[in-house]
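Input: a single structure, listed below in structure tokens.
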Amino acid sequence: MPLVSMKDMLAHASERGYAVGAFNPVDYASLKAMIEAAEELESPVIAQTSAKTVRYYGYKTIISWARELGENASVPIALHLDHGKDMNMIKSCIDHGWTSVMIDASDKPFEENLALSRKVVEWAAEKGVGVEAELGEIGGVEEEIVVAEEDAHLADPDKAERFCRELDLAVFAPAIGTAHGYYKGEPNVAFDLIQEIFQRTGTPLALHGGTGLPDETIQRCIQRGCAKVNISTNLKHVFVEGFCDYHSENPQDYEPLRLLKAQYEAMKNLIREKISQFGSAGMAKSA
């Protein structure tokens, strides 16, 4: 089926009380593993590309992969730009066929964030592309974005309500106490804030910093309105470890395809595990 926007996908997830996994592919094989795992479990899935990945491979290469794999898939697949900071890149992704984009102007003053996000929503509306926007600053490291713990701050629910009222968003990413990367201590997730923002905005919420969160925490976030869960760091580690672990166990095997297969299966297993955890298995039938 054709690549789809996140808007209807996440509205369905929000209504049914599950979340869709958003995974950051780093190459063709990781994208293929993601889509194959989703098909096997009959789940929608979001392939979200970082700005770094877009610059490395280029727009045409990534959209060609996504169309080849996604348009032949039996489940809904969204191609999403994650943490878009560069307005030119966001516009180029929309023009090249991405079906969803994120504008991350969370480091800007509120009015500037709102104005930039509104501009992206206008561009996206012309092509039926879904938009994610962020309010508050999520701590940790995400690709080239580094937010120190002391600089991270939670989203203000009053501003969140106005933000979502003035913008037609597919998903809203408020800072709620999670962080990008692996957690060094116990995450202090503001569950009451998640629930309040969801109740006041009615907009599906994105849970950034999903890697390393306990299952109980993830389930509580989903129950309170998070319909999209981001997994990036975890997939990167499995990408490297799947290859290296096979080589450590088989030091004399220099057949690249066997190493690549081990890497592929490790990624696929992780994605299957997360899809089941988030409750989206079997949901492609009714999405």
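Heads up: the sequence shown runs through residues 165 to 451, numbered per my numbering.
Glycine included, C-beta positions come from ideal geometry on N, C-alpha and C.
As the structure is a computational prediction, the values presented were derived from the model and not from experiment.
Would you kindly report the start and end of the unbroken alpha helix (DSSP H) that includes residue i?
i	result
residue 404	397–413
residue 175	170–180
residue 452	Nothing about residue 452 can be read from this structure; the chain reaches only from 165 to 451.
residue 321	321–330
Compute the Euclidean distance between the alpha carbons of residue i and residue j, then round it to the nearest angstrom.
i	j	result
residue 166	residue 173	13 Å
residue 428	residue 422	10 Å
residue 292	residue 336	17 Å
residue 203	residue 317	38 Å
residue 205	residue 439	8 Å
residue 169	residue 235	13 Å
residue 370	residue 338	7 Å
residue 320	residue 358	11 Å
residue 367	residue 282	16 Å
residue 419	residue 425	10 Å
residue 255	residue 249	11 Å
residue 445	residue 404	26 Å
residue 275	residue 330	12 Å
residue 243	residue 215	13 Å
Whose C-alpha, out of the options, is nearest the C-alpha of residue i?
i	options	result
residue 270	414, 296, 243	296
residue 257	238, 239, 217	217
residue 261	377, 442, 371, 241	241
residue 185	192, 223, 374	374
residue 194	407, 388, 360	407
residue 322	221, 263, 254, 300	300
residue 383	290, 181, 188	181
residue 326	176, 362, 259	362
residue 251	411, 265, 244	265
residue 178	376, 334, 381, 342	334
residue 253	237, 219, 243	219
Where does residue i land, buried or exposed, given buried means 16+ other C-beta within 10 angstroms?
i	result
residue 315	Bear in mind that the predicted position of residue 315 carries a pLDDT of just 39, short of 50, making it unreliable; the figure below should be weighed with that in mind. Exposed: under 16 other Cβ atoms inside 10 Å.
residue 415	exposed
residue 273	exposed
residue 268	buried
residue 298	buried
residue 246	buried
residue 390	buried
residue 434	buried
residue 225	exposed
residue 309	Because the pLDDT at residue 309 is just 45, under 50, the model does not fix this residue reliably, and the value given afterwards should be weighed accordingly. Its Cβ being crowded by 16 or more others within 10 Å, residue 309 is buried.
residue 289	exposed
residue 278	buried
residue 378	exposed
Could you spell out the range, first to last residue, of the beta strand (DSSP E) harbouring residue i?
i	result
residue 211	209–213
residue 299	294–299
residue 266	264–267
residue 242	241–248
residue 185	184–187
residue 338	335–338
residue 370	369–371
Would you mind giving the Cβ-Cβ distance between residue i and residue j, rounded to the nearest angstrom? I have them listed as a contact below 8 Å.
i	j	result
residue 284	residue 332	Going by Cβ atoms, the distance from residue 284 to residue 332 rounds to 11 Å, so no, they are not a contact pair.
residue 392	residue 230	That pair is no contact at about 18 Å.
residue 431	residue 197	4 Å
residue 239	residue 209	7 Å
Tell me whether residue i, by its Cβ, gets closer than 8 Å to a heavy atom of the ligand PLP.
i	result
residue 188	By its list of ligands, the structure shown contains no ligand whatsoever, and the ligand PLP lies outside what it can speak to.
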